[in-house]
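Enquirer: Those protein sequences? They're chains A and B, same order as listed. For the first sequence, position 99 matches number 91 in the numbering used here, and the numbering has no gaps at all. For the second sequence, position 71 matches number 63 in the numbering used here, and the numbering has no gaps at all.
2 protein chains.
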Amino acid sequence: MNEALETSLRLVRAQAALVKRFDARLSGLHGVSFADLAVLRCLGQAEGGRMRRVDLAQALGLSASGVTRGLIPLERIGLVVREPDPRDARVAYAALTPTGRERLDEMERTAAEVAESVFTGEVWEGGGLATLVDLLDALEGSAGAGAARSRKRTESTADRHG
Amino acid sequence: MNEALETSLRLVRAQAALVKRFDARLSGLHGVSFADLAVLRCLGQAEGGRMRRVDLAQALGLSASGVTRGLIPLERIGLVVREPDPRDARVAYAALTPTGRERLDEMERTAAEVAESVFTGEVWEGGGLATLVDLLDALEGSAGAGAARSRKRTESTADRHG
DNA sequence: CGCCAATACTTGAGTGCTCAAGCTTCTGCT
DNA sequence: AGCAGAAGCTTGAGCACTCAAGTATTGGCG
Chain A
-7 MNEALETSLR LVRAQAALVK RFDARLSGLH GVSFADLAVL RCLGQAEGGR MRRVDLAQAL
53 GLSASGVTRG LIPLERIGLV VREPDPRDAR VAYAALTPTG RERLDEMERT AAEVAESVFT
113 GEVWEGGGLA TLVDLLDALE GSAGAGAARS RKRTESTADR HG
Chain B
-7 MNEALETSLR LVRAQAALVK RFDARLSGLH GVSFADLAVL RCLGQAEGGR MRRVDLAQAL
53 GLSASGVTRG LIPLERIGLV VREPDPRDAR VAYAALTPTG RERLDEMERT AAEVAESVFT
113 GEVWEGGGLA TLVDLLDALE GSAGAGAARS RKRTESTADR HG
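1. Here's the rule: buried if 16 or more other CB atoms are within 10 angstroms of the residue's CB, otherwise exposed. What is ILE69 of chain B?
2. Since LEU88 of chain A sits in a beta bridge, which residues does DSSP pair it with?
3. Interface residues of chain A around ALA107 of chain B at Cβ under 8 Å?
4. Based on Cα-Cα distance, which residue from B:ALA87, B:ASP15 and B:LEU124 lies nearest to GLU39 of chain B?
5. Give the straight-line distance between the Cα atoms of ARG45 of chain A and THR60 of chain A, rounded to the nearest whole angstrom.
6. On the CB-based measure, 16 or more other CB atoms within 10 Å of its CB, does ALA30 of chain A come out buried or exposed?
7. Does any C-beta atom of chain B lie closer than 8 Å to the C-beta of GLY23 of chain A?
8. How close, in whole Å, do the beta carbons of GLY41 of chain B and ARG93 of chain B come, if the pair is a contact with beta carbons under 8 Å?
9. Alpha carbon to alpha carbon, how far is VAL83 of chain A from MET43 of chain A?
10. What does the alpha-carbon distance come out to for the pair ASP106 of chain A and THR91 of chain A?
11. In terms of residues, what are the limits of the beta strand (DSSP E) holding ARG44 of chain B?
12. Pick from A:GLY62, A:ALA8 and A:LEU3: whose alpha carbon is nearest that of LEU32 of chain A?
13. List, in chain order, every chain A residue whose beta-carbon is nearer than 7 Å to that of GLN7 of chain B.
14. Measuring straight from C-alpha to C-alpha, what distance separates SER148 of chain A and ARG17 of chain B?
15. Between ALA38 of chain A and chain B, is any beta-carbon pair separated by less than 8 Å?
16. Once you ignore the five residues that flank ALA56 of chain A on each side, which residues in its own chain have a CB closer than 7 Å to its CB?
17. What distance in whole Å lies between the Cβ atoms of ALA8 of chain B and GLY53 of chain A, which are believed to be in contact at a cut-off of 8 Å?
18. Please report the Cβ distance between HIS169 of chain B and GLU98 of chain B, rounded to the nearest whole angstrom; I am assuming they are in contact, meaning their Cβ atoms lie under 8 Å.
19. Indicate whether VAL125 of chain A and GLU114 of chain B have their beta-carbon atoms separated by less than 8 Å.
20. Kindly indicate which three-state DSSP category VAL24 of chain B falls into: helix, strand or coil?
21. Below 8 Å between beta carbons is the criterion; list the residues of the segment 48 to 76 of chain B that meet it against any residue of chain A, in chain order.
22. Answer with yes or no whether the minimum CB distance from LEU10 of chain B to chain A is below 8 Å.
23. Any idea what DSSP makes of LEU52 of chain A, helix, strand or coil?
24. Name the residue from A:GLY36, A:LEU121, A:GLU(-5) and A:GLY58 whose alpha carbon lies nearest to the alpha carbon of THR89 of chain A.
25. Does GLY119 of chain A have its Cβ less than 8 Å from a Cβ in chain B?
Shown next as structure tokens:
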């Protein structure tokens, strides 16, 4: 009956392997990680190539601070700039630069190659890919739903590290 | 056309959400993370409840140092002990303690509940779960295959073809 | 035996994420 | 208008992983 549990564990391993593969290729060719690509892609698809950090976090499933920190290297290498909002001084948009847009294009081509090389074979071409997307979609909804507020891990038995 | 890429990104998000969910529950009830559970489960299924660290790393898809560090808290809370090998002084087995075995049992029950609560619904009960396992299995093989040691400096901008 | 490469593991430095706490700015209530 | 609280973001501390380099130990080979 722990078929569901088994599946979850497999999902984690598959994801780790997949990400390593993307990272190896992307970092070699473009000096970015797969996570960076996700950020850039998100911006690229947004209206005007820019988004509020909060919305970016939401879209990526990250925390706000994760976004702040993840943007730093992208700003430093000039793919993204920080833009203020004239109406609300709290918000700082993250906006794709022209360079960023170009580089994103190249990165997506690289990533698409990797993705295709991974998803080759009968299983995938026979509709498996579409099925997987559907299942993952369902999963993300279902798993994200109740996952919101967790708390820290210690308190009781485990006293992690020092 | 980058359906494969899209799928990869979704996989990452789904996995993150799923892990958060497990972590929240497991940490609240047992003071361990989902990753810890994976380790313990691995040991639990091994002959004699113990494994060499190297083999553990292999089974979990981690590096050797990841295992060393991941075991520290489990040793500290007494779920795992370090056991020397009488024939080879280099190896240090990680072995489940009796307590560890008991606790693992409880954890697995908790985790199974979470997993089942996530994988509830028509999609999953109608064979979706089995399909997902198959797909993930295929994926792990395919993604893990070429991911190993690519620290090379490929300079040209990709011209691979099928 | 003496040496050397391979193996098992640990440690140091660095990355990428998290939560909690902080600052600034905006909004709604009275 | 004035203040409380919410919203957006950043920062500090910490965890979990990585690779690279370091320490033992083993085993093959002269």
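C-beta: ideal position from N, C-alpha, C; glycine also.
Expert: Concretely, from the data shown:
1. Looking up residue 69 of chain B in the second sequence gives position 77. Residue burial is scored here from C-beta neighbours: ILE69 of chain B has at least 16 other C-beta atoms within 10 angstroms and is therefore classed as buried.
2. For the purposes of this step, residue 88 of chain A is taken as the residue at position 96 of the first sequence. Bridge partners of LEU88 of chain A: A:VAL72.
3. Counting from one through the second sequence, the residue named residue 107 of chain B turns up at place 115. Correct list: ASN(-6), ALA(-4), LEU(-3), THR(-1) and SER0.
4. Stepping through the second sequence from its first residue, residue 39 of chain B is reached at position 47. The option with the nearest alpha carbon to GLU39 of chain B is B:ALA87.
5. Taking the first residue of the first sequence as position 1, residue 45 of chain A is located at position 53. Taking the first residue of the first sequence as position 1, residue 60 of chain A is located at position 68. Straight-line Cα distance between these residues: approximately 7 Å.
6. Along the first sequence, one-based indexing puts residue 30 of chain A at 38. Buried: at least 16 other Cβ atoms inside 10 Å.
7. Start at 1 with the first residue of the first sequence, and residue 23 of chain A comes out as number 31. By the rule that beta-carbons nearer than 8 Å mark a contact, GLY23 of chain A does not touch chain B.
8. Walking along the second sequence from the start, residue 41 of chain B turns up at place 49. Walking along the second sequence from the start, residue 93 of chain B turns up at place 101. In this structure GLY41 of chain B is in contact with ARG93 of chain B, their Cβ atoms being roughly 7 Å apart against a cut-off of 8 Å.
9. Looking up residue 83 of chain A in the first sequence gives position 91. Looking up residue 43 of chain A in the first sequence gives position 51. Between VAL83 of chain A and MET43 of chain A, the C-alpha separation is close to 10 Å.
10. Taking the first residue of the first sequence as position 1, residue 106 of chain A is located at position 114. Taking the first residue of the first sequence as position 1, residue 91 of chain A is located at position 99. For the sequence presented, residue 106 of chain A should be read as Val rather than Asp. Counting only the Cα atoms, THR91 of chain A lies some 23 Å from VAL106 of chain A.
11. In the second sequence, the residue the question calls residue 44 of chain B occupies position 52. Counting along the chain, the beta strand (DSSP E) containing ARG44 of chain B begins and ends at 42 to 44.
12. Position 40 of the first sequence, counted from the start, is the residue given in the question as residue 32 of chain A. Of the candidates A:GLY62, A:ALA8 and A:LEU3, the one whose C-alpha sits nearest the C-alpha of LEU32 of chain A is A:GLY62.
13. The residue labelled residue 7 of chain B in the question sits at position 15 within the second sequence. Around GLN7 of chain B, the beta-carbon contacts reaching into chain A at under 7 Å are LEU3, VAL4 and GLN7.
14. The residue labelled residue 148 of chain A in the question sits at position 156 within the first sequence. The residue labelled residue 17 of chain B in the question sits at position 25 within the second sequence. In this prediction, SER148 of chain A scores a pLDDT of 35, lower than 50, which makes its location untrustworthy; the coordinate-derived value is nonetheless stated afterwards. In this structure, the CA atom of SER148 of chain A is about 13 Å from the CA atom of ARG17 of chain B.
15. Here residue 38 of chain A corresponds to residue number 46 of the first sequence, with the count starting at 1. The beta carbon of ALA38 of chain A does not come within 8 Å of any beta carbon belonging to chain B, so the residue lies off that interface.
16. The residue labelled residue 56 of chain A in the question sits at position 64 within the first sequence. Cβ-Cβ distances below 7 Å link ALA56 of chain A to ARG45, VAL46 and ALA49 in the same chain, with the five nearest sequence neighbours on each side left out; the list follows chain order.
17. Here residue 53 of chain A refers to the residue found at position 61 of the first sequence. Here residue 8 of chain B refers to the residue found at position 16 of the second sequence. Contact between GLY53 of chain A and ALA8 of chain B holds, since their C-beta atoms are separated by about 5 Å, short of 8 Å.
18. Past the edges of chain B, shown from -7 to 154, lies residue 169 of chain B, and the structure says nothing about it.
19. Indexing the first sequence from 1 puts residue 125 of chain A at position 133. Indexing the second sequence from 1 puts residue 114 of chain B at position 122. No, these two residues do not count as a Cβ contact at 8 Å.
20. Locating residue 24 of chain B in the second sequence gives position 32, counting from the first residue. Coil at VAL24 of chain B, not helix or strand.
21. Flagged, chain order: LEU52, GLY53, ILE64, PRO65, ARG68 and ILE69.
22. Residue 10 of chain B sits at position 18 when you count from the first residue of the second sequence. With 8 Å as the cut-off, LEU10 of chain B counts as an interface residue toward chain A.
23. For this step, residue 52 of chain A is matched to residue 60 along the first sequence. Looking at LEU52 of chain A - three-state DSSP - the assignment turns out to be helix.
24. Stepping through the first sequence from its first residue, residue 89 of chain A is reached at position 97. For THR89 of chain A, the closest C-alpha among the options A:GLY36, A:LEU121, A:GLU(-5) and A:GLY58 is that of A:GLY36.
25. In the first sequence, counting from the first residue as 1, residue 119 of chain A sits at position 127. So, not an interface residue.
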